[in-house]
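**Student:** Have a look at the structure that comes next, please.
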Amino acid sequence: MTTTEAAINAGGARLLVVEDDRLLRELLREQLTLAGYRPRLAADLASATDALAETDFDLVLLDLNLPDGDGIGLARALSGSGVSVLMVTARDDLESRVEGLYAGASDYLVKPFSIEELLARVHVRLRERGASATLRYESLELDVARGACTVGEETFFLPERELDVLRLLLQYRGRVFTQDDLERAIYGAGVPGSNTIEVYVHNLRRKLKERGLDNVIVTVRNRGYAIV
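Mapped onto my numbering, the consecutive letters of the sequence shown carry residue numbers 1 to 228.
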């Protein structure tokens, strides 16, 4: 995973791992945590259903062969909910792949797999989910695909870098980003190493305040920025 991806994940996208193999479950917990995500584990459909009732997840990694049933049913239940599903299963036949995708999975990964490939697929699924979203805060709406901000009846467009900062803070609302996190997410390896993030945040605050939205982006002392 690149530094850019790690920085974007620093806010900790919430992942539900539904896997009955204990060793694989713990391996996925370790690797996903190291990649900056916040995984929760479920060993069967019952515990997965309980977890989904308690938490809004960004992505579900779903095994199909579970002790208390077939994961296909859970994928169908999640279809249209806005939660992406990545099926991770030993079923490698064409019929199972097709059935899984028709059930609502956005991707299908066959065991055994490399951790690098799994992390890449997780990143792509989350990126696509964010790219197609409309992010909201009070009267503010951000159409990510168009890069358009709307407050009330007014639609306006932000410079690319300011838009990147606002998108990250909205997409991972409530999670604190350090200045370093935001710089790496925006610039990758070519970090300017200046006060550019402070300037972007200052400009965003001013533009939002002009439209009646004050204190949208808060400074968390000694930590960074967040929208709460």
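Ideal Cβ placement from N, Cα and C applies to all residues, glycine included.
Go ahead and label serine 234 buried or exposed: buried means 16 or more other beta carbons lie within 10 angstroms of its beta carbon, across all protein chains shown.
**Tutor:** It is not possible to answer for residue 234, since the shown part of the chain is limited to 1 through 228.
**Student:** Taking the CB atoms as reference points, tell me whether serine 139 and valine 124 lie closer together than 7 Å.
**Tutor:** Sequence index remark: in the sequence shown, residue 139 carries index 139 (1-based). Sequence index remark: in the sequence shown, residue 124 carries index 124 (1-based). For serine 139 and valine 124, no; Cβs fall outside 7 Å.
**Student:** In or out: alanine 10 buried (at least 16 other Cβ within 10 Å) or exposed?
**Tutor:** Looking up residue 10 in the sequence shown gives position 10. Bear in mind that a pLDDT of 39 at alanine 10, under 50, signals an unreliable position, so the number given afterwards is only what the model happens to contain. Alanine 10 is buried by the Cβ-count criterion.
**Student:** For leucine 251 and valine 220, which I take to be in contact (beta-carbon distance under 8 Å), what is that distance rounded to the nearest angstrom?
**Tutor:** The question about residue 251 has no answer, for the chain in this structure spans 1 to 228.
**Student:** Candidates Phe177, Asp164, Asp214 and Ala120: which alpha carbon is nearest asparagine 264's?
**Tutor:** It is not possible to answer for residue 264, since the shown part of the chain is limited to 1 through 228.
**Student:** Assuming proline 39 and valine 17 form a contact by the criterion Cβ under 8 Å, report the distance between their Cβ atoms to the nearest whole angstrom.
**Tutor:** Within the sequence shown, numbered from 1, the residue matching residue 39 stands at position 39. Within the sequence shown, numbered from 1, the residue matching residue 17 stands at position 17. The Cβ separation is near 5 Å, so the contact holds.
**Student:** Please classify leucine 204: is it buried, with 16 or more other beta-carbons within 10 angstroms of its beta-carbon, or exposed?
**Tutor:** Against the sequence shown, residue 204 aligns to sequence position 204. Result: buried.
**Student:** Applying the criterion that 16 or more other CB atoms from any shown protein chain within 10 Å of the CB defines a buried residue, is leucine 34 buried or exposed?
**Tutor:** As a working mapping, residue 34 is identified with position 34 in the sequence shown. Leucine 34 is exposed by the Cβ-count criterion.
**Student:** Exposed or buried, alanine 13, counting other C-beta atoms within 10 Å across all chains shown (16 or more means buried)?
**Tutor:** Working through the sequence shown from its first residue, we reach residue 13 at position 13. Buried, because 16 or more other Cβ atoms sit within 10 Å of the Cβ of alanine 13.
**Student:** Can the beta-carbon of isoleucine 227 be found closer than 7 Å to that of leucine 170?
**Tutor:** In the sequence shown, residue 227 corresponds to position 227, counting from 1. In the sequence shown, residue 170 corresponds to position 170, counting from 1. Yes, the Cβ-Cβ distance between isoleucine 227 and leucine 170 is below 7 Å.
**Student:** Would you be able to state if there are at least three C-beta pairs under 8 Å between the region 88-97 and the region 38-56?
**Tutor:** These segments do not touch.
**Student:** So what does DSSP say about alanine 226, is it helix, strand or coil?
**Tutor:** In the sequence shown, residue 226 corresponds to position 226, counting from 1. DSSP places alanine 226 in strand when its eight states are reduced to three.
**Student:** So, using beta-carbon positions, are tyrosine 200 and valine 165 closer together than 7 Å?
**Tutor:** Position 200 of the sequence shown, counted from the start, is the residue given in the question as residue 200. Position 165 of the sequence shown, counted from the start, is the residue given in the question as residue 165. It is a contact, given that the beta carbons lie within the stated cut-off.
**Student:** Distance, Cα to Cα, threonine 55 vs leucine 15?
**Tutor:** What you label residue 55 is simply residue 55 of the sequence shown in a count that begins at 1. What you label residue 15 is simply residue 15 of the sequence shown in a count that begins at 1. Looking at the two C-alpha atoms, the distance is approximately 10 Å.
**Student:** Tell me whether glutamate 5 sits in a helix, a strand or coil according to DSSP, three-state version.
**Tutor:** If you number the sequence shown from 1, residue 5 lands on position 5. Only weak support is given to the placement of glutamate 5: the predicted model assigns it a pLDDT of 47, under 50, and the value that follows is read from those uncertain coordinates. In the structure shown, glutamate 5 sits in a helix (DSSP, three-state: H, G or I).
**Student:** Less than 7 Å between the beta carbons of tyrosine 108 and arginine 97, yes or no?
**Tutor:** Taking the first residue of the sequence shown as position 1, residue 108 is located at position 108. Taking the first residue of the sequence shown as position 1, residue 97 is located at position 97. Going by C-beta atoms, tyrosine 108 is nearer than 7 Å to arginine 97.
**Student:** Roughly how many angstroms separate the alpha carbons of leucine 126 and glycine 82, rounded to a whole number?
**Tutor:** Numbered from its first residue, the sequence shown carries residue 126 at position 126. Numbered from its first residue, the sequence shown carries residue 82 at position 82. Looking at the two C-alpha atoms, the distance is approximately 11 Å.
**Student:** Can alanine 75 and alanine 42 be called in contact, C-beta distance under 7 Å?
**Tutor:** Here residue 75 refers to the residue found at position 75 when the sequence shown is read from its first residue. Here residue 42 refers to the residue found at position 42 when the sequence shown is read from its first residue. Not a contact, by the Cβ cut-off of 7 Å.
**Student:** Spatial neighbours of glutamate 162 within its chain, please: C-beta separation below 7 Å, excluding the five flanking residues on both sides.
**Tutor:** Residue numbering aside, residue 162 sits at position 162 when the sequence shown is read from its first letter. Closer than 7 Å at the Cβ level, and outside the excluded window around glutamate 162, lie Tyr200, Asn203 and Leu204.
**Student:** For alanine 53, count neighbouring C-beta atoms within 10 Å of its own C-beta (all shown protein chains included) and say buried if the count is 16 or more, exposed if not.
**Tutor:** On the sequence shown, residue 53 is found 53 positions in, with the first residue counted as 1. Exposed, since its Cβ has fewer than 16 Cβ neighbours within 10 Å.
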